[in-house]
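See below for the structure under consideration.
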Amino acid sequence: MSQIDINFQDAQKAFLTLKTLDKNKIAGFLEEMAKQIEAIRDDLIPSASRESHLPEGRITGELGRTLGQIRLFAQLVDEGSWVEATIDHPDPDRKPAPKPDIRRMLKALGTVVVFGASNFPLAFSTAGGDTVSALAAGCPVIYKAHPAHPETSRMVAEAIKNAVRISGLPKGTFQHVEGGIDTGQEMVAHPLAKAVAFTGSFRGGKALFDTCNARENPIPVFAEMGSVNPIFVLEGYLSKQIESAAAAYASSLSLGVGQFCTNPGLIFIPKSHEEAFSAAVVDSLKEVAGAPMLHEGICHTYYQALEALSQSKKLTWLLDSEETDVLTGNVALAKVKASDWLSDEAFQEEVFGPFGIIVVYEQEDQLQALVENLKGQLTCTIWAEEEELKNRTALLHLLEEKCGRLLFKGVPTGVEVGHAMQHGGPFPATTDSRSTSVGTYAIKRFARPVAYQDMPESIWPDALKEGNPMGILRKVDGAWVSY
């Protein structure tokens with residue numbers, strides 16, 4: 004029996020125990036998990052900063068986000084309504100056939116394989132949103148550490164294991180695995196794996212997706228695989244605020260050396276403001292100094308992508324970026340006509356780094372074709388005056404089909420962790436546009452509905468009992484009630 008087999012056997016044993024626990028036990032474990040991670044912050048922050056080359060200030064904020072989302076899921080589990088308890092009472096006198104008693108709720112899937120992300124060593128990694136949402140659902144997690152920040156991952160893993168022990172949960176509730184691509188493939192192919200969560204490149208996510216769909220029993224893969232997060236700017240809006248719009252775009256594009264999954268790599272602007280807007284963006288970006296990228300491999304790939312794009316005669320380069328060393332990412336900016344953008348899919352590919360393309364459209368009626376040809380995105384942003392939007396509902400409806408989050412002001416960088424957040428989008432941004440990897444709805448990726456028909460009253464789950472002992476919101480005979 005391989006070590007991976009042992010991991011999954013331990014996880015399956017843990018799952019059978021987790022299925023028997025009430026919500027307070029799971030919520031308490033999540034609270035303890037946050038407590039244990041917070042206890043190591045003085046060592047954790049410098050470690051994450053050293054391994055990721057991100058400044059300690061950024062890591063401090065990311066730790067706050069990580070702890071906040073763990074505690075948010077603890078509150079969600081403690082409240083309990085996320086299980087979608089639904090009851091249809093029986094009617095033995097119904098004609099022509101009696102109506103049965105049917106009770107339905109969400110139940111945990113089983114062991115979840117989670118892959119850590121390189122660009123968020125805390126918030127999307129060992130104790131990140133994928134891990135905590137799976138644990139909150141009652142699923143054991145086998146976590147595949149990202150090789151870019153191994154020591155940080157081990158530190159957080161030990162904190163989680165301490166929380167497991169203190170909370171009296173089985174050791175297989177959370178397990179930390181290190182290894183290469185072969186290890187990851189072995190994990191997702193294992194028959195006891197019930198779901199996969201991944202944040203990273205399209206190539207990596209698609210490989211996992213293909214493996215899981217080739218299994219004898221396919222399993223869901225929730226992979227976030229990148230996005231160029233376009234901003235569409237209308238004439239009226241830009242005529243009033245060219246300078247501020249250009250500064251906002253430049254700041255969002257270069258944030259984190261362009262290594263967020265929501266950096267806006269594309270911006271569509273009207274030709275009437277082409278020169279003024281382009282010049283203002285260039286002025287803003289010239290103030291942005293080069294900075295260390297996450298690791299040498301990402302930096303090298305960034306410059307390789309720029310080199311490939313530089314071969315196109317359709318692009319006009321407004322800011323060139325040269326590889327000055329093995330780690331520094333320097334901003335780059337190009338411009339292209341809308342008609343040329345439509346003719347080359349390479350202009351839609353994510354360049355992971357501080358690079359953007361300004362797409363110039365001649366007439367507003369071109370926007371329809373531009374959006375129609377857009378690939379699936381995590382976000383789309385439209386900058387327009389309210390009056391401009393009133394007569395453009397068709398464009399807005401089309402944009403809805405292309406993204407998971409549609410912004411009407413601000414920039415896409417900065418993903419709020421809350422109940423209403425949607426961080427996911429149509430392929431190729433993710434493998435399942437019906438789910439989110441940020442916010443409380445993420446818990447539903449790792450649960451499935453089970454209906455119980457004419458179940459003996461003595462074994463009803465608490466969520467489905469008469470009298471509602473959990474005090475949760477439920478749908479009873481078609482009406483939402485909390486009693």
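Taking the numbering used here, the leading residue of the sequence shown gets 4, the next gets one more, and so forth.
Glycine included, every Cβ here is placed at the ideal spot set by N, Cα and C.
| Asked | Found |
| --- | --- |
| Determine, using beta carbons only, whether Gln262 and Gly359 come nearer to each other than 9 Å. | no |
| Would you give the residue range spanned by the beta strand (DSSP E) that Trp320 belongs to? | Thr319 to Leu322 |
| Check the C-beta distance from Thr439 over to Gly427 and give it rounded, since I have them as a contact under 8 Å. | 5 Å |
| Express the C-alpha separation of Ala445 and Thr433 in angstroms, rounding to a whole number. | 14 Å |
| For Gly71, which of Gly60, Glu41 and Tyr146 has the nearest alpha-carbon? | Glu41 |
| Is the distance from the Cβ of Lys26 to the Cβ of Met473 below 9 Å? | yes |
| Are at least three pairs of beta-carbons, each pair with one atom in the region 390-399 and one in the region 416-423, less than 8 Å apart? | no |
| Confirm, please, whether the CB-CB distance from Ile270 to Gly356 is below 9 Å. | no |
| Using DSSP's beta-bridge definition, name the partner residues of Tyr364. | Pro273 |
| Quick one: is Phe411 buried, meaning 16 or more other Cβ sit within 10 Å of its Cβ, or exposed? | exposed |
| Beta-carbon separation of Phe32 and Thr176 under 9 Å? | yes |
| Ends of the alpha helix (DSSP H) at Phe76? | Glu59 to Glu82 |
| Starting from Leu410, follow the beta strand (DSSP E) in both directions and report where the run begins and ends. | Cys406 to Leu410 |
| Quick one: give me the first and last residue of the beta strand (DSSP E) that Met108 is part of. | Ile105 to Ala111 |
| If you pair each beta-carbon of the region 215-227 with each one of the region 370-377, do three or more pairs fall below 8 Å? | no |
| Check each candidate in Ile9, Ile245, Gly67 and Val414 and name the one with the smallest Cα separation from His179. | Ile9 |
| Exposed or buried, which one is Gly208 when buried takes at least 16 other CB atoms within 10 Å? | buried |
| Would you identify the three-state DSSP class for Ile163, choosing helix, strand or coil? | helix |
| Going by CA-CA distance only, name the one from His152, Leu109, Pro93 and Arg74 that's closest to Ile62. | His152 |
| Between Thr319 and Lys197, is the Cβ-Cβ spacing less than 9 Å? | no |
| Within 10 angstroms of the Cβ of Asp133, are there 16 or more other Cβ atoms? Answer buried if so, exposed if not. | buried |
| Are there 16 or more other CB atoms within 10 angstroms of the CB of Lys393, so buried, or fewer, so exposed? | exposed |
| Counting beta carbon pairs with one atom in the region 152-167 and one in the region 45-53, are three or more of them shorter than 8 Å? | yes |
| Please name the residue or residues paired with Lys102 in a DSSP beta bridge. | Asp94 |
| Do you know offhand how far Val339's Cα is from Val362's? | 5 Å |
| Kindly examine the ligand FAD and report whether one of its heavy atoms sits closer than 8 Å to the Cβ of Ser247. | No copy of the ligand FAD appears in this structure; indeed no ligand is present at all. |
| Under a Cβ-count criterion, where at least 16 other Cβ atoms within 10 Å of its own Cβ denotes burial, should Tyr486 be classed as buried or exposed? | exposed |
| Along the chain, where does the alpha helix (DSSP H) containing Val135 start, and where does it finish? | Gly132 to Ala140 |
| Could you tell me the alpha carbon to alpha carbon distance between Leu237 and Glu246, rounded to whole angstroms? | 15 Å |
| My guess is that Ala308 and Val260 are in contact by the Cβ rule of under 8 Å, so how many angstroms apart are they, rounded? | Actually they are not in contact, since the Cβ atoms of Ala308 and Val260 sit about 14 Å apart, beyond 8 Å. |
| Between Val231 and Leu47, is the Cβ-Cβ spacing less than 9 Å? | no |
| On the premise that Ser55 lies in contact with Pro143, defined as a C-beta separation below 8 Å, what is that separation, rounded to the nearest angstrom? | Contact flag wrong, Cβ pair sits at about 27 Å. |
| What residue does the beta strand (DSSP E) around Arg477 start on, and which one ends it? | Arg477 to Val479 |
| Just list the residues that DSSP pairs Gln456 with in beta bridges. | Ile105 |
| I'd like the list of long-range same chain contacts for Ala17, defined as Cβ closer than 6 Å, with 5 residues on each side in sequence excluded. | Pro143, Pro173, Gly175 and Thr176 |
| Just how far apart, CA to CA, sit Glu290 and Glu161? | 41 Å |
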